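Protein chains in written order, with my numbering: chain R, 1 to 112; chain H, 1001 to 1113. Below is one structure, written out as structure tokens, with a few remarks after it.
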Amino acid sequence: DSGVTQTPKHLITATGQRVTLRCSPRSGDLSVYWYQQSLDQGLQFLIQYYNGEERAKGNILERFSAQQFPDLHSELNLSSLELGDSALYFCASSVDLDNEQFFGPGTRLTVL
Amino acid sequence: GQNIDQPTEMTATEGAIVQINCTYQTSGFNGLFWYQQHAGEAPTFLSYNVLDGLEEKGRFSSFLSRSKGYSYLLLKELQMKDSASYLCAVRDWFSGGYNKLIFGAGTRLAVHP
């Protein structure tokens, strides 16, 4: 158990819908990262927050957005969902910007 | 741009030693990580190298050569539970003052009795 929690574990929804994935970092960690992992693409970095502010952006679609709240938990919002958005979404956290990242158990999103 | 290459699949025998190679090209290298990931589970941290040389941690060791853009993960005394994907990830420094962790596609290791 890494200490990073993610909810929900599984999410099944339809195309065109919007979902919100939630992540609570390890106690004391200020940095939160979101990754997408689909079968054919490996682990893709989406976005990073540090102490409430966006720090780095990866291959995140405009239909996706995220934020980190004052209590340091983070939410990833996915809208206008497409079949290709079906994937495992991982959240990771680290103490600061440069340390090793600890991954949560992931949310498996299935878009039908 | 960034590029990270690892073999797609490897097989090995229980009790043996296996070496998983990773080559990378980045503009602002700032450290290399190895993660283990069992199917459907979260990646877990194995090792970190930022200077050249070998880092040993029990049955796992990781080596880095920055001049060659090369790393390997060495697993000794293989156990069945070591069957997993092994992800090489490079931390790349970007102008604007931030790091990004870029993951390779991973190497699927199958350990046989």
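All C-beta atoms in this analysis are idealised placements derived from N, C-alpha and C, irrespective of residue type, glycine included. Computed from a predicted structure; not experimentally measured.
Restricting to runs no shorter than 3 residues, where is the beta strand (DSSP E) found entirely within the stretch 43–86 of chain R? DSSP runs (the beta strand (DSSP E)) wholly in the stretch 43–86 of chain R: 53–57, 64–68 and 74–78.
Between E82/R and the rest of its own chain, which residues show a CB-CB distance below 7 Å, the 5 nearest in sequence each way excluded? T15 and V111
At least 3 beta-carbon pairs within less than 8 Å: the stretch 1084–1098 of chain H vs the stretch 1028–1041 of chain H: Proximity of the stretch 1084–1098 of chain H to the stretch 1028–1041 of chain H meets the contact definition, three or more beta-carbon pairs being nearer than 8 Å.
Grab me the residues of A1012/H's own chain with a C-beta within less than 7 Å of its C-beta, minus the 5 sequence neighbours each way, in chain order. V1018, L1078, L1109 and V1111
K9/R by DSSP, collapsed to three states: which one? Correct three-state label for K9/R: coil.
Residues of the stretch 83–98 of chain R with a CB closer than 7 Å to any CB of chain H: list them in chain order, please. Hits within the stretch, in order: F90, L97 and D98.
To which residues does DSSP link E1055/H through a beta bridge? The secondary-structure analysis by DSSP pairs E1055/H across a beta bridge with S1062/H.
Counting only C-beta atoms, is T1044/H closer than 9 Å to chain R at any point? yes
Check the DSSP bridge columns for H1112/H and list the partner residues they point to. Partner(s): T1013/H.
Per DSSP, which residues does S38/R bridge with? Please list them. The secondary-structure analysis by DSSP pairs S38/R across a beta bridge with G42/R.
Contact check, S38/R vs S80/R, beta carbons under 9 Å: Cβ distance not < 9 Å, so S38/R and S80/R don't count as in contact.
For a contact meaning CB atoms closer than 9 Å, what does P105/R contact in chain H? E1041 and A1042
Rounded to whole angstroms, what is the Cα-Cα separation between E62/R and E54/R? Computed Cα separation, rounded: 15 Å.
Reduced DSSP secondary structure (H/G/I, E/B, other) of D1005/H: strand
Using a Cβ-Cβ cut-off of less than 7 Å, give me the residues of the stretch 34–46 of chain R that come near chain H, in sequence order. G42, L43 and F45
Is it buried or exposed, A66/R, if we count other Cβ atoms within 10 angstroms and call 16 or more buried? buried
Cβ-based burial, T1008/H [other Cβ within 10 Å; buried from 16]: exposed
Selection from R1066/H, F1103/H, Q1025/H and E1041/H that minimises the alpha carbon distance to D1052/H: R1066/H
Looking at L88/R and V19/R, is the spacing between their C-beta atoms short of 9 Å? no
Is the distance from the Cβ of Y33/R to the Cβ of Q17/R below 9 Å? Going by C-beta atoms, Y33/R is not nearer than 9 Å to Q17/R.
Reduced DSSP category for K1100/H - H, G, I as helix; E, B as strand; rest coil: strand
For a quick check, are the C-beta atoms of F64/R and L78/R less than 9 Å apart? yes
Start and end residues, beta strand (DSSP E) containing R22/R: V19 to S24
Does L1087/H come within less than 9 Å of chain R when only Cβ atoms are used? yes
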